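Okay, structure first, notes after.
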Amino acid sequence: NYTTYQFPDLIRLGAILCSEEKEAICQETNEVFRCVGCDSCFYECPRKVNISNILRSARRIMIDFGSYPQELKSLFLRLNSNGNPLGESQDKRKEWADGLVIPKFTEGLDYFLFVCCITAYDARAKSVAFSVAQTLQTAGIKFGINSDKEVCCGEAVRRAGGEKVFIKLFESNLKMFRDLKVKNTITISPHCYTIFNNEYKNYHNFQPLHYTQVVFEQIKTGRIKPRKPFNKAVVYHDPCTLGRQSGIYEEPREILKSIPELKLVEVPFFNRKNSICCGAGSMGLWREYANEERLVNLRLKQLLNTGAEVIAVACPYCLQMFEETLKSMNTEIKVMDVSEILWESLKLETDQ
Numbered sequence: 001n002y003t004t005y006q007f008p009d010l011i012r013l014g015a016i017l018c019s020e021e022k023e024a025i026c027q028e029t030n031e032v033f034r035c036v037g038c039d040s041c042f043y044e045c046p047r048k049v050n051i052s053n054i055l056r057s058a059r060r061i062m063i064d065f066g067s068y069p070q071e072l073k074s075l076f077l078r079l080n081s082n083g084n085p086l087g088e089s090q091d092k093r094k095e096w097a098d099g100l101v102i103p104k105f106t107e108g109l110d111y112f113l114f115v116c117c118i119t120a121y122d123a124r125a126k127s128v129a130f131s132v133a134q135t136l137q138t139a140g141i142k143f144g145i146n147s148d149k150e151v152c153c154g155e156a157v158r159r160a161g162g163e164k165v166f167i168k169l170f171e172s173n174l175k176m177f178r179d180l181k182v183k184n185t186i187t188i189s190p191h192c193y194t195i196f197n198n199e200y201k202n203y204h205n206f207q208p209l210h211y212t213q214v215v216f217e218q219i220k221t222g223r224i225k226p227r228k229p230f231n232k233a234v235v236y237h238d239p240c241t242l243g244r245q246s247g248i249y250e251e252p253r254e255i256l257k258s259i260p261e262l263k264l265v266e267v268p269f270f271n272r273k274n275s276i277c278c279g280a281g282s283m284g285l286w287r288e289y290a291n292e293e294r295l296v297n298l299r300l301k302q303l304l305n306t307g308a309e310v311i312a313v314a315c316p317y318c319l320q321m322f323e324e325t326l327k328s329m330n331t332e333i334k335v336m337d338v339s340e341i342l343w344e345s346l347k348l349e350t351d352q
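Numbering-wise, the sequence shown is residues 1 to 352 according to UniProt numbering.
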């Protein structure tokens, strides 16, 4: 019943029984797992060949036969055992909301807030979930969470080829959505938004939204109004899953433009659909690459060349990739999620 990507059995057999040297086979295995699934090649291809899906098919076969990177094996184990790639316990999933009063989702609420594993567990990224929730509450939006049952959305593991792991996560979340009769979700991560839109919607009738879509609508209607100035030059980085793969380019920018004294700058040419990937997709966030292969280095060079004081993101993966890499660079530039910048400007409104 699930969308799958398969090669004919003869190709499977040929791949396994090929008489190549073991070292060469190992090298080819690594090649298949180097793609981060950013879909840049798809948009450049005149025939629109979906290389990401083709490689996903190859990865599934290799994983079935146990021929895949050790880093992924550890991640798959954590996802199977704990329901998240960080290996954290379920009872810690709500700790990001300490100090907030957020109800458990019931049918009478308008939105289910689905909190990404990164923003739920990572010490730095918890601030993003906190900022999103505070902003939604300021706008008067009725939403709830269900940290007891929510597990990883499975987008990254599926893109990496871990179909069986994905199905386990998918079925768990799907049951939760159905049991709670969820009709609308707000996601913090565009990875969750993408997989909900492309896969979950085929099995449950609900409307996924990324938080930038919801928040921008609240700004347009005047339900929230940024007041505190943010007097800095900010460059916005388009995440692959939010921009190229979901078509959400303007909402994050319009949110930033609504903040007093914020100066929005752009990376020349390499913005919107031409944005360069941070390298975190397909579970790349947890993998090690040679320095010359790290897409994040190239992307940060482009962002730094704008002269911006702050890099704005709308994806927890991008946030982590940029911040971790910047630790080894001699620069004072900050990385902030769009929600964090907005909340800085809204605090004045809530304090009054």
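Positions of the beta carbon are idealized from the N, C-alpha and C atoms, including for glycine.
Just so we're clear, the structure is a prediction, and the values are computed from it rather than from any experiment.
Handout entry: Buried versus exposed, by CB contacts within 10 Å (16 or more), Gln70
Key = exposed
Exercise for the section: Could you tell me if Cys38 is buried or exposed, where buried requires 16 or more neighbouring beta carbons within 10 angstroms of its beta carbon? Expected result: buried
Practice task
Look at Thr185 and Phe196 and say whether their C-beta atoms are less than 8 angstroms apart.
Solution key: Taking the C-beta atoms as reference points, Phe196 is found nearer than 8 angstroms to Thr185.
Practice task
Output the boundary residues of the beta strand (DSSP E) element that contains Lys263.
Solution key: Lys263 to Val265
Problem - Spatially closest choice to Leu264 from Lys273, Glu250, Asn274 and Ile276, by CA coordinates - result: When only C-alpha atoms are compared, the closest one is Glu250.
Practice task
May I have the straight-line CA-CA distance separating Cys315 from Pro229, to the nearest angstrom?
Solution key: 23 angstroms
Handout entry: Among Val165, Arg223 and Val115, the one whose alpha carbon lies nearest that of Ile141
Key = Arg223
Exercise for the section: Check whether the Cβ atoms of Phe322 and Leu300 sit closer than 8 angstroms, and answer yes or no. Expected result: yes
Practice task
Determine the closest residue to Asn173 out of Lys181, Glu150, Ala97 and Arg159, with distance taken between C-alpha atoms.
Solution key: Glu150
Handout entry: Sequence-distant residues of the same chain with beta carbon closer than 7 angstroms to Arg253, five excluded per side
Key = Tyr236 and Leu264
Exercise for the section: Rounded to whole angstroms, what's the CA-CA distance from Leu319 to Lys181? Just pull it up for me. Expected result: 32 angstroms
Problem - Contacts around Leu55, its chain only, beta-carbon distance under 7 angstroms, and the 5 residues preceding and following it disregarded - result: Val32 and Cys35
Practice task
Flag this pair as yes or no: are the beta carbons of Ile333 and Glu309 separated by less than 8 angstroms?
Solution key: For Ile333 and Glu309, yes; Cβs fall inside 8 angstroms.
Handout entry: N- and C-terminal bounds of the alpha helix (DSSP H) containing Asn184
Key = Element bounds for Asn184: not the alpha helix (DSSP H) but the beta strand (DSSP E), Asn184 to Thr187.
Problem - Extent of the continuous alpha helix (DSSP H) run through Ser100 - result: Here residue 100 turns out to be Leu, not Ser, going by the sequence shown. Run containing Leu100: none; DSSP gives neither H nor E here.
Handout entry: Length at least 4, wholly inside the UniProt domain "Cysteine-rich" (234 to 322): the alpha helix (DSSP H) runs in chain order
Key = 250 to 257 and 295 to 304
Exercise for the section: With DSSP as the reference, label Val335 as helix, strand or coil. Expected result: strand
Problem - Element boundaries [beta strand (DSSP E), containing Pro208] - result: Gln207 to His210
Problem - Separation of Ala139 from Gln218, as counted between CA atoms - result: Taking the straight line joining both Cα atoms gives about 7 angstroms.
Handout entry: Ser131 versus Phe270: straight-line alpha-carbon distance, rounded
Key = 28 angstroms
Problem - CB of Cys153 within 8 angstroms of CB of Pro85, strictly - result: The Cβ atoms of Cys153 and Pro85 do not sit closer than 8 angstroms to each other.
Practice task
Could you work out which residue in Ile188, Glu88 and Lys73 is closest to Ser127 when comparing CA atoms only?
Solution key: Among Ile188, Glu88 and Lys73, the Cα nearest to that of Ser127 belongs to Ile188.
Handout entry: C-alpha gap between Val49 and Ser246, whole angstroms
Key = 18 angstroms
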